[in-house]
Amino acid sequence: MDIKKEEILHIAKLASLKIKEEEIEEYRKNLQDILEFANIINSVDTEYLEETNGTSTNINFLREDEVNNFKDTDQLMKNAPEQENNMFKIPKVIN
Amino acid sequence: MSREDYEAIIGLEVHAELSTKTKIFCSCETNFGGKPNTHVCPVCMAMPGALPVLNKKVVEYAVKAGLATNCEIAPYSKNDRKNYFYPDLPKSYQISQFDKPLCVGGKIEIETEHGTKQIGITRIHIEEDAGKLNHDDYGRNSLVDLNRAGVPLIEIVSEPDLRSSKEADTYLKKLKSILQYIEVSDCKMEEGSFRADVNVSVHKKGEAFGTRTEMKNMSSFRSITRAIDYGIQRQIDVVENGGKIEQDTLRWDEVEGRTYVMRSKEDAQDYRYFPEPDLGTIEVSDEWKEEIRKSLPEMPEQRKTRYIEEFKLPEYDSNIIVSSKYLSDFFEVATKVCNNPKSVSNWIMTDIIRVQNEEAVEKMPFSPEQLGQLIVLIDKGTISSSIAKKVFEELLKQPRNPEEIIKEKGWIQISDEGEIKEIVKKILEDNPGSITDYKAGKDRALGFLVGQAMKATKGKANPQLLNKLFLEELKK
Ligand SMILES: [Zn+2]
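First to last, the sequence lines map onto chains F and E.
Taken in order, the first sequence gives residues 29 to 123; the numbers are from our numbering.
Taken in order, the second sequence gives residues 74 to 549; the numbers are from our numbering.
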């Protein structure tokens, strides 16, 4: 499968990325490489395998509904480049 | 062509927050409010390497909702990643369910003007809520609070069976009452814990369905009804004028009463769903399913039948009472106290519903026990029904034991015959004209005299006794 220019633009839009015209070809080539690498898996013969429900073999790995609040939320807030009223301050989001 | 030549198709995707103690994939508490970013941890804040673990209660509650809406419960189901970029979604994907939801193929019944109608439920799946974006005072920045990120939701998708805003409204109210009955969600619309995406399309009768538009995240019955009516009319106008409906995502503006295009089809989201590799398979065995089924409480329909058969309540009253879990529970408890279901129902149908409408609240400040005690006082003849109305007003102002209220206010009914006789004599002395009138055949004079006696005793005189003694005196 060949990745087209339009797909690069579409993916960039979904990821809210601005890319320059001259960068498109480079991204296209890189993504094409990744796709081809990942496509190797498609050559495996899976005829004899049963279909699975997901990627994990765990079944009902569940926890009880018991509160255990994380103690060091201040540490987590240190990831905020800027904050106000204990909230992450980010550029205004327009829908 | 006119409005009547068109048919509208409405589909609803309801999101209800589950009332678990903790979030769906971490042990953070879910309480609404609280200081921003205090109910967070590396999992719901999407720190690299943090791994989600599914809350067992979430599966139970979703299965409960599925059973209560007549769904099939999938023996095996799984989670998927729904990818999109938005700052309230710290992982840039939402863990949801795509092709293997927990519950499928259900239905609920609603009452319409054309009788009972079945509304199909396509599916119910579990997913996580996003955080909340606030805006700073200057409108230059957004502020992100992740307390709500990871709060469990169920999404309930209806079949395109609804045909009007009225039907959609009835369906939503029914669904809300079911979720409240089974106690999986408090459905507080004002806190956003019950909200809906609304799909609308129109077509000429007998023709194929039209293109649908979607309105996101509506959170009041009133705006949903208005938005649907507006959407239907707008689409008919477009078609009538030879235009074409675009498959847009719209935003409803409650103030202006119109919609704006949020996203056109070209910009349609491409969510690139794929199986969540950090979570395993969910298996709901027949055993587990039956255990959950046993935990289902008596449902509105069953309660209604019991009210009609056992308590002899009218169907209309029963319908209204069971439509709200709050009213229905209120009825049950008050009836236990006074053993007079008919009277409890009358108080609910008149005074309680009046207060709910006037004050725009659901809950009364007083308890159902207190209403029950009030009814006991009426039934024992301790107070008259007009005093009872005053006690009711007092319960609204300052809820306390009705017996205390009447003692404190001196409102105990006068049922002592000697005492009442004195009052009757006094009133007759003061109103000789009324005696003449009565003897001249004017029955209204009796009513006037009783009224005067009531006024003199501030409504405390036993009305039956008053009537009887006045008649005795007047016949002399
Ligand atoms: Zn957390």
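Virtual Cβ for every residue (Gly too), placed ideally from N, Cα, C.
Note that the structure is a prediction, hence the values are computed from the model and not measured.
Over what stretch of residues does the beta strand (DSSP E) that includes residue i continue unbroken?
i: residue 215 of chain E; result: 214-218
i: residue 206 of chain E; result: 205-208
i: residue 169 of chain E; result: 166-169
i: residue 484 of chain E; result: Run containing residue 484 of chain E: none; DSSP gives neither H nor E here.
i: residue 153 of chain E; result: 153-156
i: residue 119 of chain F; result: 115-119
On the CB-based measure, 16 or more other CB atoms within 10 Å of its CB, does residue i come out buried or exposed?
i: residue 189 of chain E; result: exposed
i: residue 84 of chain E; result: buried
i: residue 78 of chain F; result: exposed
i: residue 544 of chain E; result: exposed
i: residue 333 of chain E; result: exposed
i: residue 103 of chain F; result: exposed
i: residue 501 of chain E; result: buried
i: residue 415 of chain E; result: exposed
i: residue 366 of chain E; result: exposed
i: residue 80 of chain F; result: exposed
i: residue 110 of chain E; result: buried
i: residue 116 of chain F; result: buried
i: residue 68 of chain F; result: exposed
i: residue 29 of chain F; result: exposed
i: residue 53 of chain F; result: exposed
i: residue 72 of chain F; result: exposed
i: residue 353 of chain E; result: buried
i: residue 434 of chain E; result: exposed
i: residue 123 of chain F; result: Because residue 123 of chain F sits at a pLDDT of 48, beneath the cut-off of 50, its placement in the model cannot be relied upon, and the point is left open.
i: residue 475 of chain E; result: buried
Where DSSP assigns a beta bridge to residue i, which residues make up the other side?
i: residue 527 of chain E; result: Its beta-bridge partners do not exist; DSSP assigns none.
i: residue 109 of chain F; result: In the DSSP output, where bridge partners are listed per residue, residue 109 of chain F has none listed.
i: residue 191 of chain E; result: E:182
i: residue 80 of chain E; result: E:276
i: residue 176 of chain E; result: E:146 and E:197
i: residue 90 of chain F; result: E:127
i: residue 89 of chain E; result: E:227 and E:267
i: residue 287 of chain E; result: E:272 and E:322
i: residue 298 of chain E; result: Partner(s): none; residue 298 of chain E has no beta bridge.
i: residue 347 of chain E; result: E:154
Could you spell out where the alpha helix (DSSP H) holding residue i opens and where it closes?
i: residue 133 of chain E; result: 129-141
i: residue 536 of chain E; result: 536-548
i: residue 44 of chain F; result: No alpha helix (DSSP H) contains residue 44 of chain F, which DSSP labels as neither H nor E.
i: residue 333 of chain E; result: Residue 333 of chain E -> not in any alpha helix (DSSP H); beta strand (DSSP E) instead, spanning 331-336.
i: residue 247 of chain E; result: 238-254
i: residue 448 of chain E; result: 441-452
i: residue 505 of chain E; result: 505-512
i: residue 362 of chain E; result: 359-367
i: residue 473 of chain E; result: Per DSSP, residue 473 of chain E belongs to no alpha helix (DSSP H) and is neither H nor E.
i: residue 392 of chain E; result: 388-395
i: residue 402 of chain E; result: 398-411
i: residue 373 of chain E; result: 373-383
i: residue 430 of chain E; result: 426-432
i: residue 416 of chain E; result: 414-420
Which residues in chain F have a C-beta closer than 9 Å to the C-beta of residue i? List them in chain order.
i: residue 112 of chain E; result: 97, 98 and 101
i: residue 128 of chain E; result: 90, 91, 92 and 93
i: residue 177 of chain E; result: By Cβ distance, chain F contributes nothing, its closest Cβ being about 15 Å from residue 177 of chain E, past 9 Å.
i: residue 200 of chain E; result: None at all; the shortest Cβ gap to chain F is about 16 Å.
i: residue 213 of chain E; result: 119 and 120
i: residue 137 of chain E; result: In chain order: nothing, as chain F lies at least about 14 Å away.
i: residue 94 of chain E; result: 93, 94 and 95
At a CB-CB cut-off below 7 Å, which residues of chain E make contact with residue i?
i: residue 72 of chain F; result: Ordered by position in chain E, no residue passes the 7 Å Cβ test against residue 72 of chain F, which lies about 17 Å from the chain.
i: residue 112 of chain F; result: 209 and 216
i: residue 87 of chain F; result: 353, 354 and 356
So which residues of chain E does residue i contact, with C-beta pairs closer than 9 Å?
i: residue 65 of chain F; result: By Cβ distance, chain E contributes nothing, its closest Cβ being about 17 Å from residue 65 of chain F, past 9 Å.
For residue i, go through chain E and note every residue whose CB falls closer than 8 Å to its CB, in chain order.
i: residue 104 of chain F; result: 110, 113, 114, 115, 118 and 120
i: residue 115 of chain F; result: 109, 110, 207, 216, 217 and 218
Residues of chain F with CB closer than 8 Å to the CB of residue i, please, in chain order.
i: residue 233 of chain E; result: What residue 233 of chain E touches in chain F: nothing, since even the nearest Cβ is about 27 Å away.
i: residue 158 of chain E; result: 42, 43 and 44
i: residue 343 of chain E; result: 38 and 42
i: residue 102 of chain E; result: 95 and 97
Requested in this report: Say whether the stretch 224-243 of chain E touches the stretch 178-197 of chain E, bearing in mind that this needs 3 or more beta-carbon pairs closer than 8 Å, one atom from each stretch.
Outcome: yes
Q. Do the stretch 154-174 of chain E and the stretch 337-351 of chain E touch if we need at least three Cβ pairs shorter than 8 Å?
A. yes
Checklist entry - Three or more C-beta pairs closer than 8 Å, one from the stretch 303-311 of chain E and one from the stretch 243-261 of chain E: is that the case here? => result no
Meets three-Cβ-pair contact criterion under 8 Å: the stretch 113-132 of chain E and the stretch 218-238 of chain E: yes
Report task. Taking 8 Å as the threshold, find out whether the stretch 361-379 of chain E comes into contact with the stretch 149-160 of chain E through three or more Cβ pairs. Result -> no
On the three-pair Cβ rule with 8 Å, is the stretch 207-218 of chain E touching the stretch 270-285 of chain E? no
Does the contact criterion of 3 or more C-beta pairs under 8 Å hold for the stretch 81-96 of chain E versus the stretch 266-279 of chain E? yes
Notebook entry, point to check: Can we say the stretch 225-233 of chain E touches the stretch 193-205 of chain E, given the rule of at least three CB pairs closer than 8 Å?
Noted result: yes
Segment contact flag, the stretch 282-301 of chain E with the stretch 258-265 of chain E, C-beta cutoff 8 Å, min 3 pairs: yes
So does the stretch 396-415 of chain E actually touch the stretch 442-452 of chain E, counting three or more Cβ pairs closer than 8 Å? yes
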